[in-house]
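Report on the following structure.
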Amino acid sequence: MTPGHGVRPTQNVRSAEVATAAARLSRTGLDRRRLLTGAGAAAALAFTMNLPAAGTASAAELDARRIAEDPFTLGVASGDPLPGSVLIWTRLAPRPYEPGGGLPADRVQVSWELAHD
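If you read the sequence shown in the working numbering, its first letter stands for residue 1, the second for the next number, and so on.
Quick look at the structure:
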């Protein structure tokens, strides 16, 4: 095991690379716990910044007003099935042959629902 790390390097990672990366982190004063805490705080901030203010229309209501027709004109594709997962892909494009798929330049909130049937 690499001293102080508690993990054994895999075949793809050499001990020297792990030691070098650990040394770089310790020089910056950033340890794994601080990195994870910072990443969690950034994710929470990003999530709360997208919540609508009280008394305003929800983002879904605003987007529904801007997009009148079915925006998923290309359907849904799936592939790479594994025993515990599958890849599902679609493109939000009400007019797929126009630049940007016919969508406005600003962000559009998309929600999805997965059924078990």
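Positions of the beta carbon are idealized from the N, C-alpha and C atoms, including for glycine.
Bear in mind that the values here come from a model prediction, so they are computed numbers and not experimental data.
- With a cutoff of 8 Å on beta-carbon distance, T90 and G75 are scored as near each other.
- For the 8 Å CB-CB criterion, A105 and T73 do not form a contact.
- DSSP places P81 inside the beta strand (DSSP E), whose first and last residues are V76 to L82.
- In summary, P83 is exposed, with fewer than 16 beta-carbon neighbours lying within 10 Å of its beta-carbon over all protein chains present.
- The DSSP-derived three-state label of L87 is strand.
- With fewer than 16 other Cβ atoms inside 10 Å of its own Cβ, P96 counts as exposed.
- Rounded to whole angstroms, the gap between the alpha carbons of S78 and E98 is 24 Å.
- In the three-state reduction of the DSSP assignment, A93 falls in the strand class.
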